[in-house]
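Encoded as structure tokens, the structure appears first; notes follow it.
Protein chains: 4
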Amino acid sequence: MTPPRLVYLGPPGTFTEVAAGRAPGAADAERIPVASVDAALNAVREGAADLAVVPIENSVEGGVTSTLDALGAGRPLSIRAEVLVPVAFVLAARPGTALTGVRRVGSHPHALAQCRGWLSQHLPLAVAVPALSTAAAAQVLGGAAPDAPYDAALCAEPAAAAAGLDVLARDVADNAGAVTRFVVVSRATAPPPPTGSDKTTVAASLAQDRSGALLELLEQFATRGINLTRIESRPQGTELGRYTFSIDCEGHVADPRVSEALMGLHRVCPQVRFLGSYPRADGLAPVPPAGTADSDFTAARDWLAALLSAGAAPGSAPER
Amino acid sequence: MTPPRLVYLGPPGTFTEVAAGRAPGAADAERIPVASVDAALNAVREGAADLAVVPIENSVEGGVTSTLDALGAGRPLSIRAEVLVPVAFVLAARPGTALTGVRRVGSHPHALAQCRGWLSQHLPLAVAVPALSTAAAAQVLGGAAPDAPYDAALCAEPAAAAAGLDVLARDVADNAGAVTRFVVVSRATAPPPPTGSDKTTVAASLAQDRSGALLELLEQFATRGINLTRIESRPQGTELGRYTFSIDCEGHVADPRVSEALMGLHRVCPQVRFLGSYPRADGLAPVPPAGTADSDFTAARDWLAALLSAGAAPGSAPER
Amino acid sequence: MTPPRLVYLGPPGTFTEVAAGRAPGAADAERIPVASVDAALNAVREGAADLAVVPIENSVEGGVTSTLDALGAGRPLSIRAEVLVPVAFVLAARPGTALTGVRRVGSHPHALAQCRGWLSQHLPLAVAVPALSTAAAAQVLGGAAPDAPYDAALCAEPAAAAAGLDVLARDVADNAGAVTRFVVVSRATAPPPPTGSDKTTVAASLAQDRSGALLELLEQFATRGINLTRIESRPQGTELGRYTFSIDCEGHVADPRVSEALMGLHRVCPQVRFLGSYPRADGLAPVPPAGTADSDFTAARDWLAALLSAGAAPGSAPER
Amino acid sequence: MTPPRLVYLGPPGTFTEVAAGRAPGAADAERIPVASVDAALNAVREGAADLAVVPIENSVEGGVTSTLDALGAGRPLSIRAEVLVPVAFVLAARPGTALTGVRRVGSHPHALAQCRGWLSQHLPLAVAVPALSTAAAAQVLGGAAPDAPYDAALCAEPAAAAAGLDVLARDVADNAGAVTRFVVVSRATAPPPPTGSDKTTVAASLAQDRSGALLELLEQFATRGINLTRIESRPQGTELGRYTFSIDCEGHVADPRVSEALMGLHRVCPQVRFLGSYPRADGLAPVPPAGTADSDFTAARDWLAALLSAGAAPGSAPER
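Protein chains in written order, with this note's numbering: chain A, 203 to 522; chain B, 203 to 522; chain C, 203 to 522; chain D, 203 to 522.
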């Protein structure tokens, strides 16, 4: 039997590779690095891969816009799982380089941003040079070319080791608790069953020129007692001021309060794309406010059914 | 075959008798006047009558509290229809009485209130004397007793004629367009099918000490684009500040937006009593706002079903 | 110096007289019973009296519609205080009458309603006969006329004693904790200073045919964390479905959160009538939710003033 | 007299230089390119420059996160104006290069993203290589080094010409109407007077773990009829799910409805940073909904003042 094929945003040595190794089912999978988020998702869309692992947000830098945009367009995909990876950068250089000799630091722009404070304190004169990824920065620096575009790289420690670099400094990220969240994506398919600790991801666009449209969108969640764990606006690309909102909420599409909220979105938004319901990495179970538990929705449906068939329902007629 | 029995708030000669004559099915029914709203509704509850006709609100005086309270407690009943009757009062007296000789005017307190302006202008010194009904005031005045408790009665013209009284003045109500609304009530039963022009009546209590609880109740209607045509607060009777709201809204419990709003009420209110869905007397059809038409609800349900079975749905995946 | 003149809804012996005796300043006042709520309020409007004491709501029967309507129209008045009076009815009759001999019970309709349960249990065959007031019922029954219109009266115990009647039964009200709330009214004048435990009364009308208009009204209070202690709808009198809402809220018009809410009402409602800010009878002080304390409003105003003069404000610029 | 000093995100040849040339007061200013958004804003903070011009959002790529983050932290700054610049890219290469020979395309990641569709259609095999800016990509390619890191650059046409490159293709952006919005920033100072067509920018953080907190924030605008023209979430950097919202709204802080909304934000949000009120580039004047015009706020304040001094106000007392 062929093992499943899992593509991830490469090269090896990035935090995405770490996430790919922790994805459900990864143990048996053939793991293949690809060059971009688009390439990873399209490999799944076209059947060249079964799963893709891509970053979706970082606790310091925010949403990964290329992932948000790529998930929101093209043939539909399903998020099957999420993986959280703590982010710890080192500053690495060719053996023999001293910290004082570093004039140019290369890395992915997100990594440069996350270490901005450390760099301005310890290397105030160094220039930040963007690279395709943190691992690519290490590889370029570790390569044979005599004139590398930078003297040091911000990367994960294993990537530094793989490239034959020395570590000049550890824990150089400004925020010690930084974490990147990855999603595991398949072709569109029915969601896994609810576990009691789930998340749901949707992308919903707002109608133009309607005051209060975002309020109306949020009320679909709030009136059902559903917390949002992520909300990001992405421009629709046509003109300033028109947005699609990428949203993660507590709960599973099969939970009554979530299914009702999603139907509400479908009614009030010009476009809604469901991107999946999947288990939460943190295992937390939401505590729905009074009147929004599954049992409240079930009781309300039973009550309505009794009204439609008999005009009244047990328990609905208080004697006073 | 026995004709159906219809009880109404008597005596004959009141506007309620007019309403009872116009109720659907009244032509074939035996019409029986009873002494109080409670007596009328209990006759239906106990099987002594099939239908009751009782006033529920007046455009000048507001809700008929005895009806609201009696419908909201005890064994459940179903409103089957509504009847609107224009209210036109005359001032009637025993033959020979001149307007200038009227010192005391008797009638039902609601009628006295509706003619307050006319009385203060034309009979500024007359005392208002409450009677059990407008028709009873006419009957008492038309009776044989030499010392009636008032010199003139405010009543409907037919009641004046039936009691052998002369009309001293017509159109004595302060508001020429006054109308009273009556409901036709049966034992609890499945509602009649939707007609496209329906109303739904419910009584919903609010939890104590929760700021914004009424707001939350109203949002159940507003977020589904449902207009309220009547809303009245009734004290729960236990202490000041605790209310049950008696509400009429547009639409039929079988309309998706109404059924979802009622389920929402069931979830957020400690007690909800459904009192019926029935055709509107004015034949108006509501125009639901964008996103709240029946077709919007149906489309949202179909979309959700596709998500649950396949993870995506046709039309939900905009290419951009 | 002439004592102030205080009119109240008479006759003597009613609960209103009790309330009048407890009104602030009543000790020095000449207390004058009048025949109706309208008469009491007009006496104040025209300068014939300084203060009027009238009932505004009852914990069982709800709002006193004649008071609500009379306060909401005509020359403006100011509510200066509120008085709460527990309501305790007795059933009284001419000496020698036995409970079993009572066929007709007279009283004010509100009193009859509040004792409905007791009457149906103990006097199931007795007819309820409306009277102008509970005290008037006692007086009529205690009078010389041989053929009184009823055999027993529901009234306050002092009224029974004053009329020479015997008490057949005490505590005949269905709800033992029933209370009636009275307001003390003067000509329009600046409100008394805030005490920290105040109420504010307004009447606000809704625009016709605007879905969500009541929601918008309530949001003016809710977004400022203000609880409502009374809300009653009154028809505007022109047609069914158009309402003015009579509202009591926590707080004083001079409190920032209340003044802002009232200005909000003025902007969204076609008509708003301010009816006074005055000390609460229960002495309770509201606990405003986070962000709605007076200090929060003051801080926000100071912050805004700094922005307008300097473009930034101390404390508004988190370093991160 | 020394001319004012204006710094902008360089190098020359970028769209930011175009924006800097169009900024109010730019004609007389010394224009100085700097290496980063942080450097530009800090030059203003420290007095080395009077004004900074930095990009804040792009119609395709969304918010410029480095600008949003830098404006939201550190010593306060004031946005004085906005400038809109249409974005038009060319693909440029060293003379003699054919389109079919392009294997690697260099540019700023945002430019690469905006031309993604064109590239995948015309150069499906080319690799995208990130550069510090569009102009830097052109400069590197136009430089003397024989082994440039890419064969072609995406940049503005003037930058291609300045670097001695040939244009291989014009209008290569996927969205023909793309526009980038820039802001002109000074040290914190009182805002310019309202023009009737203004925008206001704020950054507001949400309290943790409060369901509906974003809803509450948005209601501050919605209940005053204020449209938002931009809303973007930025992580607070501490953990996933905690956000600061960067918001542009219609109107000027001196407009009553905007000042009241900002005071509302100050009350409900843990942190609010005001970033300026300034004229809109498009000259549009908002049309406030009923009840939210400046005159409505003024009328409400006058009414409140009358209540506080006299207990009633002209026009607030409908006779009915």
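Every residue gets a Cβ at the ideal spot worked out from N, C-alpha and C, and that includes glycine.
Below-9 angstroms beta-carbon distance, residue i vs any chain D residue
i      : result
L356/A : no
G513/A : no
T431/A : yes
T440/A : yes
T464/C : Looking at the sequence provided, one finds Leu at residue 464/C rather than Thr. Judged by the 9 angstroms Cβ criterion, L464/C is in contact with chain D.
Cβ neighbour criterion (16 or more within 10 Å) applied to residue i
i      : result
P393/D : buried
A519/A : Any answer about A519/A is weak, because its pLDDT of 41 lies below 50 and its placement is not dependable; what the coordinates show is given next. When all chains shown are included, A519/A counts as buried.
R469/B : buried
G379/D : exposed
S461/C : buried
S511/B : exposed
P488/C : buried
L314/B : buried
A346/D : exposed
D400/A : buried
A514/D : buried
CB contact check: residue i to chain B, cutoff 9 angstroms
i      : result
I234/C : no
E219/C : no
E263/C : yes
D349/A : no
Cβ-Cβ distance between residue i and residue j below 9 angstroms
i      : j      : result
L279/A : L243/A : yes
P226/C : A283/C : yes
A375/A : Q316/A : yes
L477/B : I234/B : no
A355/B : P213/B : no
A415/B : Q473/B : no
C357/C : S309/C : yes
T299/B : L370/B : yes
L286/A : F447/A : no
V239/A : L211/A : yes
R372/B : V292/B : yes
A361/A : A294/A : yes
L419/D : A424/A : no
Residues near residue i by beta carbon distance below 6 angstroms, same chain, minus five either side
i      : result
P458/A : D496 and F499
P311/C : P332
A245/C : V209 and A251
A409/A : A415 and P472
Q169/B : Lying before the first or after the last residue shown, residue 169/B is absent from chain B, which here runs from 203 to 522.
Residues near residue i in its chain [Cβ-Cβ closer than 8 angstroms; skip 5 each side]
i      : result
G247/B : The question names Gly, but residue 247/B is Arg in the sequence shown. Around R247/B: G276, R277, L279 and R389.
Closer than 9 angstroms to chain C by CB, residue i
i      : result
R469/B : no
V489/D : no
R436/B : yes
Neighbourhood of residue i by C-beta distance below 7 angstroms, restricted to the same chain and skipping five residues each side
i      : result
G303/A : D353
P396/B : H454, A456 and D457
R522/D : Below a pLDDT of 50, predicted positions are generally treated as unreliable, and R522/D, at 35, falls in that range; the measurement from the model is reported next regardless. Around R522/D: no qualifying Cβ.
A272/B : V239, D240 and L243
P490/A : G427 and R459
Inter-residue CB distance, residue i and residue j (contact presumed, cutoff 8 angstroms)
i      : j      : result
R305/C : A328/C : 6 angstroms
D450/A : L430/A : 7 angstroms
N377/A : V262/A : 5 angstroms
Within-9 angstroms CB hit, residue i to chain A
i      : result
A502/B : yes
G414/B : no
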